[in-house]
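Trainee:
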Amino acid sequence: MINAIGRDIPEELLVNGKRVYQGKNALDGTYVQRVAPQTRRAERPVESKICTNIREACERCGAHDGMTVSFHHAFRNGDYTASMVMKILVEEMGLKDITIAATSLGDAHDLIAEYIEQGKVIGIQTSGIRGRVGETVSSGKLKSPAILRSHGGRPRAIQAGEVHIDIAFLAAASSDECGNASGMGGKSNCGSLGYAIGDSQAADHVVIITDTLVNFPNIPSSIACEDVDAVCVVDAIGDPAKIASKELRFTQDPRELMMAEAVADVIAATPYFVDGFSFQTGAGGPSLAANHFIEAHMRERGIHMGFALGGITGAVCSLQQKGLIDKLVDVQSFDLTAIKDLGENPNHVEISASQYANPANKGAYVNKLDFVVLGALEVDTDFNVNVVTGSDGILRGAPGGHPDTAAASKCSIVVTPLTRGRMPTVCEHVVTVTTPGDCVDVLVTEYGIAVNPRRSDIAKCLDESGIKHVDIEELKNRAYELVGRPDDLEWEDQVVAMVEARDGSLLDIVRKIKPLVL
Amino acid sequence: MIPRPKPERFRLRRTMMFMNAQKPSLIKDAYIYGADTIMLDLEDAVAENQKDAARFSLYHALTTIDYGDTEVLVRINGLDTPHWKEDIRVAVAGGADGIRISKCESADDVKSVEKQILAAEREFGVEEGRTLIMAALESAKGVVNAYEICCASDRMFGIALAGGDFRKDMHVKVTDTGIDIMVARGLILLAARAAGVQCFDTNFADFKNMEGFEREVRQNRKMGFDGKSIINPRQIPLVNELFSPTKDDITYAEHLIRSYAEQFARGVGVYTVDGKMVDIAFIKEARNTLKYAKKCGKYSGDLDQVGGEF
Chain H
61 MINAIGRDIP EELLVNGKRV YQGKNALDGT YVQRVAPQTR RAERPVESKI CTNIREACER
121 CGAHDGMTVS FHHAFRNGDY TASMVMKILV EEMGLKDITI AATSLGDAHD LIAEYIEQGK
181 VIGIQTSGIR GRVGETVSSG KLKSPAILRS HGGRPRAIQA GEVHIDIAFL AAASSDECGN
241 ASGMGGKSNC GSLGYAIGDS QAADHVVIIT DTLVNFPNIP SSIACEDVDA VCVVDAIGDP
301 AKIASKELRF TQDPRELMMA EAVADVIAAT PYFVDGFSFQ TGAGGPSLAA NHFIEAHMRE
361 RGIHMGFALG GITGAVCSLQ QKGLIDKLVD VQSFDLTAIK DLGENPNHVE ISASQYANPA
421 NKGAYVNKLD FVVLGALEVD TDFNVNVVTG SDGILRGAPG GHPDTAAASK CSIVVTPLTR
481 GRMPTVCEHV VTVTTPGDCV DVLVTEYGIA VNPRRSDIAK CLDESGIKHV DIEELKNRAY
541 ELVGRPDDLE WEDQVVAMVE ARDGSLLDIV RKIKPLVL
Chain R
4 MIPRPKPERF RLRRTMMFMN AQKPSLIKDA YIYGADTIML DLEDAVAENQ KDAARFSLYH
64 ALTTIDYGDT EVLVRINGLD TPHWKEDIRV AVAGGADGIR ISKCESADDV KSVEKQILAA
124 EREFGVEEGR TLIMAALESA KGVVNAYEIC CASDRMFGIA LAGGDFRKDM HVKVTDTGID
184 IMVARGLILL AARAAGVQCF DTNFADFKNM EGFEREVRQN RKMGFDGKSI INPRQIPLVN
244 ELFSPTKDDI TYAEHLIRSY AEQFARGVGV YTVDGKMVDI AFIKEARNTL KYAKKCGKYS
304 GDLDQVGGEF
């Protein structure tokens, strides 16, 4: 069935009430029945929930064949927990048919790729899929198609019962013996535990994995002991060098700086750039540098920001320290500066992924977002964005909060170079749609700016401010002139992944790529 | 082959950005940074054993990339090398807008280059006289001969000081104040203005020192240069800005022209504006300011067209 953005979704996937994408906000105002987890009663006085090892915790929580386990990715590429736990489940306990529902999977999780190949892991549901896991899923070795959800779509699916977590294994920088757990106060701090909070409330069983046990009560905590079944102390939960860099540095690349400046100029030209505005930007080169140029515009107008949302960086903290931002609302702390600030600054506050971006609750923070600046692997002439498959069709990216912030903000700006090496970034059709074009308002490249025709109001603002913009076709043509039009990818029939829109409908699918034969 | 518009001998040349012609990643889209001119370099940036490779890269860039309104010049190797004639053939065959002569010291140097250009234009069917020339003065001798160099060819649009080699020739080092090459700057400016061609200052090599750079660019502008050589895209916006008329300049020029039009209609030749006496010379200057502002994209009115009768 062809969906609202022209992607053909195979009928066999449209079961159990699954629908195809029908456009932005198609389900707004409808009701959803939330499900609740099964909870083991704990009435007696309890000294401790400490287990001597992870296996004991797994057994206490009833680990079994065919279960679904969850992990969060606040420790990024430094994460030890997911691999450590999976090794015990598969190799020590001999469990099989496991589904992993993670907030993201990446370079720290090669072992999981191994278990997919062995057929021990049969399902993957995640908001990011990189490294060997992505390659293995793309090669068709996972028994069922992986499900890719945005950061807002994942808590929606959990609350709606579309994914039921049997055990959530949640790494925490510190915890007490009863499971009050935090991203701070340990040897490897990650700051916000925003992605873990929802899992702690929705899973039947919750195991906290930490390397820093502190006295009860470990408060303030992100995860509350009322939700926790077991606590495991391990030697190390992660490699600090890969969890976060000291401070993400502004790019010095003139091309990226030029794009960042253009982004800030676009923002300043819209009617939303007024005192108290809200803003989210990523950690990529031009996105991060946009902070610097926004500052100049804010000072010129004499305005300040009401709140900055999302992944919080040292760059944003520094703007706040200069008195230019009221509140930092943090679902993920991107660098050590931001992590430290979260621990010290009362106006820097942690929120859960559901609070951040879930479209099926009564109002997420993204709904209050004026501007978001986002990256892209590809953008097509319908403004559809791909952030998950590479030009080779292999899964190597993360929808993350991209679709949520793009959909819910008043002005979403995608910034990307026109070409990357020999590949055009602006193209006729993206390989995979992860953020639909009806959610993307402005595209900024080093070759020019294009405004989505749906946003003629923004185009008018740019005209009035003397900011040049062109038809996106022109940018695509320029890209093809430079590097040529790439041949279409060749796919096999097997669907290896489904891309869910944030509302749960099907946006696109990824098929197995035909192996390259030279 | 991308057709390029016929080069204008006198045009806006605030910023002239140098880049190694051998590096496709640099030259494929060098125009995006907003330099008025890009200078594809076959000389010092290219290693001696890579000159051929650089010419291939240059030719393909010139013939396949649409540089739009950005002027595209080629810096050829010095006349004391075995490379310069082949450099000219490639640049002309590719349709470059002009040639920059390295280490130019005399009118004869210019004439030698002009002769090779003409031969190449004939060889490759390029319109005769299309390819412009500018000269880089890199020695005391070149600076002293600046005027004859400026007058040596109808293709000549300007001269530039090349500070690196010139300082060596003069036994001086870079100073904060610019005193090291102050005399040379003054001399070549005089020569260029006397000959009616443009004049460009040398690059500022310490590109991380934006403060020192700004000081130098302001001084360049005050001295009367038309533009400056650029070695890093980060230097471009500042030079473009400082070499454009300010908002105040434009407002005052508009005011002058409007008032003169009124006075002229009443038969008045000399009068005062803001307490200062103005006459026809001021008005011509004001009109030039607006014309220049329009080229810089700073002015969109039509007062620069007013008053053919002045």
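Residue numbers (this note's numbering), protein chains in the order written: chain H, 61 to 578; chain R, 4 to 313. Just so it is clear, CB atoms sit at the ideal spot from N, CA and C, and this is done for glycine as well.
According to the Cβ coordinates, are H:VAL92 and H:ALA220 closer than 7 Å?
Mentor: Translated into positions along the first sequence, residue 92 of chain H becomes position 32. Translated into positions along the first sequence, residue 220 of chain H becomes position 160. In this structure, H:ALA220 lies closer than 7 Å to H:VAL92 by Cβ.
Trainee: Looking at the C-beta of H:PRO314, does it have a partner C-beta in chain R at a distance below 7 Å?
Mentor: The sequence position of residue 314 of chain H within the first sequence is 254, counting from 1. At least one CB of chain R lies nearer than 7 Å to the CB of H:PRO314.
Trainee: Round the Cβ separation of H:ASN418 and H:PRO215 to the nearest angstrom and send it over; I've been treating them as touching at under 8 Å.
Mentor: Within the first sequence, residue 418 of chain H is the residue found at index 358, counting from 1. Within the first sequence, residue 215 of chain H is the residue found at index 155, counting from 1. Confirmed, Cβ separation roughly 5 Å.
Trainee: Can you have a look at H:PRO496 and say buried or exposed, based on whether 16 or more other CB atoms are within 10 angstroms of its CB?
Mentor: Counting from one through the first sequence, the residue named residue 496 of chain H turns up at place 436. By the 10 Å Cβ count, H:PRO496 comes out buried.
Trainee: Just the C-alpha distance for H:ARG456 and H:SER204, rounded to the nearest angstrom, thanks.
Mentor: Locating residue 456 of chain H in the first sequence gives position 396, where the first residue counts as 1. Locating residue 204 of chain H in the first sequence gives position 144, where the first residue counts as 1. Roughly 18 Å between the two C-alpha positions.
Trainee: Taking all protein chains shown into account, do 16 or more other C-beta atoms lie within 10 angstroms of the C-beta of R:LYS176, making it buried, or fewer, making it exposed?
Mentor: In the second sequence, the residue the question calls residue 176 of chain R occupies position 173. Looking at its Cβ environment, which holds fewer than 16 other Cβ atoms inside 10 Å, R:LYS176 is exposed.
Trainee: Does the beta carbon of H:GLU438 come closer than 7 Å to any beta carbon on chain R?
Mentor: Sequence index remark: in the first sequence, residue 438 of chain H carries index 378 (1-based). Not closer than 7 Å to any Cβ of chain R, the Cβ of H:GLU438 fails to qualify, so no.
Trainee: Under 8 Å between beta-carbons, which chain R residues line up against H:TYR507? List them in chain order, please.
Mentor: In the first sequence, the residue the question calls residue 507 of chain H occupies position 447. Under the 8 Å cutoff, chain R gives ASP32 and ILE35.
Trainee: With burial defined as no fewer than 16 other Cβ atoms inside 10 Å of the residue's Cβ, what is the status of R:MET213: buried or exposed?
Mentor: Taking the first residue of the second sequence as 1, we reach residue 213 of chain R at position 210. Exposed, since its Cβ has fewer than 16 Cβ neighbours within 10 Å.
Trainee: Flag R:PRO237 as yes if its beta-carbon sits less than 7 Å from any beta-carbon of chain H, otherwise no.
Mentor: The sequence position of residue 237 of chain R within the second sequence is 234, counting from 1. Note on identity: in this sequence residue 237 of chain R is Arg, with Pro being the wrong assignment. Judged by the 7 Å Cβ criterion, R:ARG237 is in contact with chain H.
Trainee: Once DSSP output is grouped into helix, strand and coil, what is the label at R:PHE313?
Mentor: The sequence position of residue 313 of chain R within the second sequence is 310, counting from 1. Legend: pLDDT at R:PHE313 = 48, less than 50; position of this residue unreliable, value from coordinates given subsequently. Coil, per DSSP.
Trainee: How close, in whole Å, do the beta carbons of R:VAL220 and R:LEU245 come, if the pair is a contact with beta carbons under 8 Å?
Mentor: Sequence index remark: in the second sequence, residue 220 of chain R carries index 217 (1-based). Sequence index remark: in the second sequence, residue 245 of chain R carries index 242 (1-based). Sure, about 5 Å apart at Cβ, within 8 Å.
Trainee: In angstroms with no decimal places, state the Cα-to-Cα distance between H:SER260 and H:SER235.
Mentor: Counting from 1 along the first sequence, the entry for residue 260 of chain H is found at position 200. Counting from 1 along the first sequence, the entry for residue 235 of chain H is found at position 175. One C-alpha to the other measures close to 14 Å.
Trainee: How long is the line joining the alpha carbons of H:MET318 and H:ARG361, rounded to whole angstroms?
Mentor: Translated into positions along the first sequence, residue 318 of chain H becomes position 258. Translated into positions along the first sequence, residue 361 of chain H becomes position 301. As the crow flies, the alpha-carbon of H:MET318 is around 21 Å from that of H:ARG361.
Trainee: Would you tell me roughly how many angstroms separate the C-alpha atoms of R:PHE313 and R:ARG261, rounded to the nearest one?
Mentor: For the purposes of this step, residue 313 of chain R is identified with residue 310 of the second sequence, where counting begins at 1. For the purposes of this step, residue 261 of chain R is identified with residue 258 of the second sequence, where counting begins at 1. The predicted model places R:PHE313 with a pLDDT of 48, which falls under 50 and marks its position as unreliable; any figure quoted below should be read in that light. Put simply, the backbone Cα of R:PHE313 is about 13 Å away from that of R:ARG261.
Trainee: Leaving out five residues on either side along the sequence, give the residues of the same chain with a beta carbon under 6 Å from the beta carbon of H:ILE569.
Mentor: Here residue 569 of chain H corresponds to residue number 509 of the first sequence, with the count starting at 1. Hits under 6 Å: VAL555 and MET558.
Trainee: Kindly identify the DSSP beta-bridge partner or partners of H:ILE227.
Mentor: For the purposes of this step, residue 227 of chain H is taken as residue 167 along the first sequence, with counting starting at 1. DSSP output for H:ILE227 lists H:VAL129 and H:HIS265 as bridge partner(s).
Trainee: Would DSSP call H:PRO484 helix, strand or coil?
Mentor: As a position in the first sequence, residue 484 of chain H is number 424, starting the count at 1. It is a strand residue.
Trainee: Considering only residues of the same chain and omitting the five flanking positions on each side of R:ALA256, which have a CB-CB separation below 7 Å?
Mentor: As a first step, residue 256 of chain R must be located in the second sequence, where it is residue number 253. For R:ALA256, where only same-chain residues beyond five positions count, the Cβ hits under 7 Å are ALA289, THR292 and LEU293.
Trainee: Considering only their Cβ atoms, is the gap separating H:VAL491 from H:ASN444 smaller than 7 Å?
Mentor: Reading the first sequence from its first residue, position 384 is the one you call residue 444 of chain H. Reading the first sequence from its first residue, position 431 is the one you call residue 491 of chain H. Against a cut-off of 7 Å, the Cβ pair of H:VAL491 and H:ASN444 comes out as no contact.
Trainee: Would you call R:SER28 buried or exposed, if buried means 16 or more other Cβ atoms sit within 10 Å of its Cβ?
Mentor: As a working note, residue 28 of chain R is residue 25 in the second sequence. It is exposed - the Cβ of R:SER28 has fewer than 16 other Cβ atoms within 10 Å.
Trainee: For the beta strand (DSSP E) holding R:VAL23, just list the boundary residues, first then last.
Mentor: As a working mapping, residue 23 of chain R is identified with position 20 in the second sequence. In the sequence under discussion, the amino acid at residue 23 of chain R is Asn, which differs from the Val named in the question. Element bounds for R:ASN23: 18-23.
Trainee: Give the residues of chain R in contact with H:MET483, contact being defined as C-beta atoms less than 8 Å apart.
Mentor: As a position in the first sequence, residue 483 of chain H is number 423, starting the count at 1. By Cβ distance, chain R contributes nothing, its closest Cβ being about 14 Å from H:MET483, past 8 Å.
Trainee: Given this structure, state the Cα-to-Cα distance separating R:PHE309 from R:LYS250, to the nearest angstrom.
Mentor: Your numbering for residue 309 of chain R matches position 306 in the second sequence. Your numbering for residue 250 of chain R matches position 247 in the second sequence. Contrary to the premise, residue 309 of chain R reads as Val rather than Phe in this sequence. Using only the alpha carbons, I get a separation of about 19 Å.
Trainee: Going by beta carbon distance, what residues of the same chain come within less than 8 Å of H:ILE454, once the five residues before and after it are set aside?
Mentor: Numbered from its first residue, the first sequence carries residue 454 of chain H at position 394. Hits under 8 Å: GLY194, GLU195, SER198 and ILE573.
Trainee: Please state the DSSP three-state secondary structure of R:GLU126.
Mentor: Translated into positions along the second sequence, residue 126 of chain R becomes position 123. Helix, per DSSP.
Trainee: Measure the alpha-carbon distance for R:GLY97 versus R:GLN53 and round it to whole angstroms.
Mentor: Your numbering for residue 97 of chain R matches position 94 in the second sequence. Your numbering for residue 53 of chain R matches position 50 in the second sequence. Straight-line Cα distance between these residues: approximately 19 Å.
Trainee: Inspect the beta-carbon positions of R:ILE30 and R:MET22 and report whether they are closer than 7 Å.
Mentor: Position 27 of the second sequence, counted from the start, is the residue given in the question as residue 30 of chain R. Position 19 of the second sequence, counted from the start, is the residue given in the question as residue 22 of chain R. Contact flag set, yes.
Trainee: Exposed or buried, H:GLY213, counting other C-beta atoms within 10 Å across all chains shown (16 or more means buried)?
Mentor: Along the first sequence, one-based indexing puts residue 213 of chain H at 153. The residue in question, H:GLY213, is buried, as its Cβ has 16 or more Cβ neighbours within 10 Å.
Trainee: Judging by CA-CA distance, which residue of R:ASN148, R:ASP277, R:MET280 and R:THR254 is the nearest neighbour of R:LYS342?
Mentor: No information on residue 342 of chain R is available, as it lies outside the stretch 4 to 313 that chain R covers here.
Trainee: H:HIS169: buried (16+ other C-beta within 10 angstroms of its C-beta) or exposed?
Mentor: Here residue 169 of chain H refers to the residue found at position 109 of the first sequence. Buried, because 16 or more other Cβ atoms sit within 10 Å of the Cβ of H:HIS169.
Trainee: H:PRO484 and H:VAL543 look like a contact to me (Cβ under 8 Å); what is the Cβ gap, rounded to whole Å?
Mentor: Taking the first sequence and counting its residues from 1, one reaches residue 484 of chain H at position 424. Taking the first sequence and counting its residues from 1, one reaches residue 543 of chain H at position 483. With 8 Å as the limit, H:PRO484 and H:VAL543 qualify as a contact, their Cβ atoms being about 6 Å apart.
Trainee: Quick check on the burial criterion: 16 or more other C-beta atoms within 10 angstroms. Buried or exposed for R:THR205?
Mentor: Against the second sequence, residue 205 of chain R aligns to sequence position 202. When all chains shown are included, R:THR205 counts as buried.
Trainee: Where does the unbroken alpha helix (DSSP H) through H:ARG538 begin, and where does it stop?
Mentor: Here residue 538 of chain H refers to the residue found at position 478 when the first sequence is read from its first residue. Where H:ARG538 is concerned, the enclosing alpha helix (DSSP H) stretches over 532-543.
Trainee: Looking only at its chain, what residues have a beta carbon closer than 8 Å to the beta carbon of H:GLU552, apart from the 5 residues adjacent to it on each side?
Mentor: As a working note, residue 552 of chain H is residue 492 in the first sequence. These residues qualify, in order along the chain: GLY200, ARG571, LYS572, ILE573 and LYS574.
Trainee: With a threshold of 6 Å (Cβ to nearest heavy atom), would H:VAL447 be considered close to the ligand SAH?
Mentor: No copy of the ligand SAH appears in this structure; indeed no ligand is present at all.
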